[in-house]
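Under numbering that gives the first Met the number 0, think of the first position of the sequence shown as 0, with each following residue one higher. Heads up, the beta-carbon is just placed ideally off N, CA and C, and yes, glycines get one too. First comes the structure, then the notes that go with it.
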Amino acid sequence: MRLAPLVFAFALVGCQQQVHSQQADGPVAVDAPGALERAEIQVGTSRRTAITRAVEVASPAVVSVNVIEVQRVVRRANPIEELFYGRRIPDRVYQQEVQSLGSGFVISEDGYIVTNDHVAGQATKITIAFPNGTQMPATLVGSDPETDIALLKVDPPGPLPYLAFEENGDAVVGEWAIALGNPFGLFEAAEPTVTVGVVSAIGRDFPAQQGRIFRDMIQTDAAINSGNSGGPLLNALGRVIGMNTIIYTQSGGSVGLGFSVPSWRVRQVVEELREDGVVDRSFYTGLSIRPVSARLAQQLGLSDARGLVVTSIDSNSPAERAGFLPRDVIATIEGEPVRSNEDVRDRLVDKRAGDSVRLGVVRGGEALDLTLTLGDAR
């Protein structure tokens with residue numbers, strides 16, 4: 000799995016305007032007066048589609064994110080040198096500045112920009128390049144490695160064009176999917192590259208990778224390549240339905256399996272980053288749990304070793320108030336099976352203190368549903 004950047008597009012009211020073609024009544028002879036002009040008008044009108052209008056209004060808000068970060072580099076000792084000196088030479092560790100390019104999109108006229116955490120989350124210097132050639136320094140407002148979302152800020156001299164999120168927050172399987180971005184980081188200041196496909200599927204989940212949790216992802220066959228990270232996935236109205244983030248590939252290029260963070264999650268995380276600079280996922284349950292082993296499953300009379308067993312419960316805790324008892328086995332969270340502590344973390348990535356969580360529990364061979372309200376972290 001290779002990480003792939005994405006860019007958000009700018010949606011204006013104009014993208015919803017309908018263009019009506021003027022068609023001639025009946026067949027027209029090629030040499031008839033004005034026939035060529037009318038044919039050119041019809042062809043020109045047909046080239047103006049919902050996709051071209053969406054791209055036209057969105058492109059000014061799609062940017063290149065130029066990043067410098069300091070990476071720790073280990074230089075392995077040369078075996079020939081060790082042989083020459085007759086002793087082991089320790090590895091050399093040093094810091095090295097590395098430059099990389101990704102994509103991003105403006106979400107407010109005062110200069111807030113969204114991109115991926117893997118693009119800018121560790122940056123020491125960030126420069127934003129706009130399609131018109133303008134470059135501005137940016138600061139990192141905050142970043143959330145778990146969802147791979149970062150929020151940047153520039154200080155523009157005037158209002159910037161920005162992108163609008165799809166209001167209902169949901170992508171529709173089969174609808175147009177328009178990806179904008181800077182493929183392979185080729186262009187520092189140019190109109191973003193456009194690729195088009197459809198929303199192939201929604202709700203795709205992946206195992207956690209390097210601490211990142213990819214859940215409810217939008218799958219598209221619109222070509223997404225390295226350098227597109229942080230860019231937007233648009234619908235035919237020019238509204239953001241997702242942020243392009245990863246691709247499945249063995250060659251390093253697009254094979255029609257691209258995945259985007261859904262816009263509703265981007266909005267939720269961005270609001271928290273804008274307000275606090277971090278995403279606070281700390282909460283308190285009062286539960287102590289551990290995975291069910293084969294031996295424990297036999298002791299509890301379970302048919303197989305699945306779920307998490309409750310080993311203890313704090314007094315006067317959210318878990319006690321929810322009705323949990325020791326030796327309860329948590330089989331599902333929000334209807335999805337759990338087998339490990341990592342599964343719990345994945346299932347609760349969008350939950351915060353004060354939220355309610357539905358848990359499926361097995362107690363003495365009987366299936367129960369308990370609702371747990373997450374408490375403030377102690």
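Within a 10 Å sphere around the beta-carbon of Lys124 sit fewer than 16 other beta-carbons, which makes this residue exposed.
DSSP places Ser58 in the helix class (H, G or I) of the three-state scheme. Fully enclosed alpha helix (DSSP H) runs of no fewer than 4 residues occupy 293 to 299, 317 to 321 and 340 to 346 of the region 284 to 367, in order along the chain. When DSSP states are grouped into helix, strand and coil, Ala163 belongs to the coil group. For Ser199, the enclosing beta strand (DSSP E) has its first and last residue at Thr192 to Arg203. Three or more beta-carbon pairs separated by less than 8 Å are not found between the region 259 to 269 and the region 290 to 308, which leaves the two stretches without contact. For Ser259, DSSP records a beta bridge to Ile217 and Asn243. Counting only the Cα atoms, Lys152 lies some 8 Å from Asp109. Under a 10 Å Cβ-count criterion, Ile67 is classified as exposed, with fewer than 16 other Cβ atoms of the shown protein chains found around its own Cβ. In the same chain as Pro317, and ignoring 5 residues on each side of it, the C-beta atoms closer than 8 Å to its own belong to Tyr283, Thr284, Gly285, Leu371, Thr372, Leu373 and Gly374, in chain order.
Every alpha helix (DSSP H) stretch that sits fully inside the region 87 to 160 and reaches 4 residues is listed by chain position as 116 to 119.
Per the C-alpha coordinates, the member of Gly132, Ala53, Glu166 and Gln121 positioned closest to Arg266 is Glu166.
Judged by DSSP in its simplified three-state form, Glu274 adopts helix. In the structure shown, Val172 falls within a coil segment according to DSSP collapsed to helix, strand and coil. Comparing C-alpha distances from Ala176 to each of Thr51, Val308 and Arg47 shows the shortest one belongs to Thr51.
Membership of Leu233 in the beta strand (DSSP E) is indicated by the continuous run Pro231 to Leu233. Shortest Cα-Cα distance from Leu236 to any of Ser99, Leu162 and Gln218 involves Leu162. Straight through space, the alpha carbons of Asp116 and Pro130 are spaced by roughly 22 Å.
Between Val105 and Ile112 a beta carbon distance of about 5 Å is seen, short of the 8 Å cut, so the two are scored as contacting.
The C-alpha of Ala296 is placed about 6 Å away from the C-alpha of Asp303. DSSP, read as helix, strand or coil, puts Gln267 in helix. Pairing Val64 with Ser102 gives a Cβ-Cβ distance under 8 Å.
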